[in-house]
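Be aware that the sequence shown starts at 1, since it is given in our numbering, and climbs by one per residue.
All residues carry an ideal CB built from backbone N, CA and C; glycine is no exception.
Quick caveat: nothing in here was measured; it's all calculated off a predicted structure.
First the structure, in the form of structure tokens, and then the observations on it.
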Amino acid sequence: MAKYCGKIGYAETVESAPGVWEETITERKYYGDVTRNIRRLESGEHLNDKLEVNNLISIVADAYAVQNFFAIRYAEWMGVNWKVTNVEVQPPRLILTLGGVYHGASNWSA
């Protein structure tokens with residue numbers, strides 16, 4: 001079983017101007033294990049196949065993670081931010097299922 005150390009991105013909707021709401025991302029660093037490591041190519045109507053992973057990452061959750069698991073948008077893994085498609089709460093851990101590459105707002109800079 002591989003070890004995990006990376007940032008998890010939490011989204012919070014804030015009012016940036018009157019009547020304008022935007023998601024802001026808060027990143028927190030977590031440690032855990034990669035319990036499943038799978039990659040998948042999906043063919044579609046696009047020019048290139050879509051790369052997805054179907055990995056399970058089990059992180060040791062703090063109080064913030066448990067209280068805000070619904071706001072998790074992405075997990076950094078292998079230098080890329082991946083969408084978190086499913087979160088399972090198993091105290092003291094959260095089990096994150098990763099999907100495709102995350103293209104939304106983030107605090108990550110290349």
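Collapsed DSSP secondary structure at residue i in the structure displayed
i	result
Tyr64	helix
Ala2	strand
Ala17	strand
Ala110	Legend: pLDDT at Ala110 = 41, less than 50; position of this residue unreliable, value from coordinates given subsequently. Reduced to three states, the DSSP call for Ala110 is coil.
First and last residue of the uninterrupted beta strand (DSSP E) at residue i
i	result
Ile72	Ile72 to Trp77
Asn86	Val80 to Gln90
Gly99	Arg93 to Val101
Test item: CB-CB of residue i and residue j under 9 Å
i	j	result
Glu27	Tyr4	no
Ile57	Lys29	no
Val89	Leu98	no
Pro18	Ala61	no
Presumed contact (8 Å Cβ cut-off) between residue i and residue j, rounded CB distance
i	j	result
Gly100	Glu52	5 Å
Val55	Asn37	Per the sequence shown, residue 55 should be read as Asn rather than Val. The pair is a contact, with the Cβ atoms about 5 Å apart (cut-off 8 Å).
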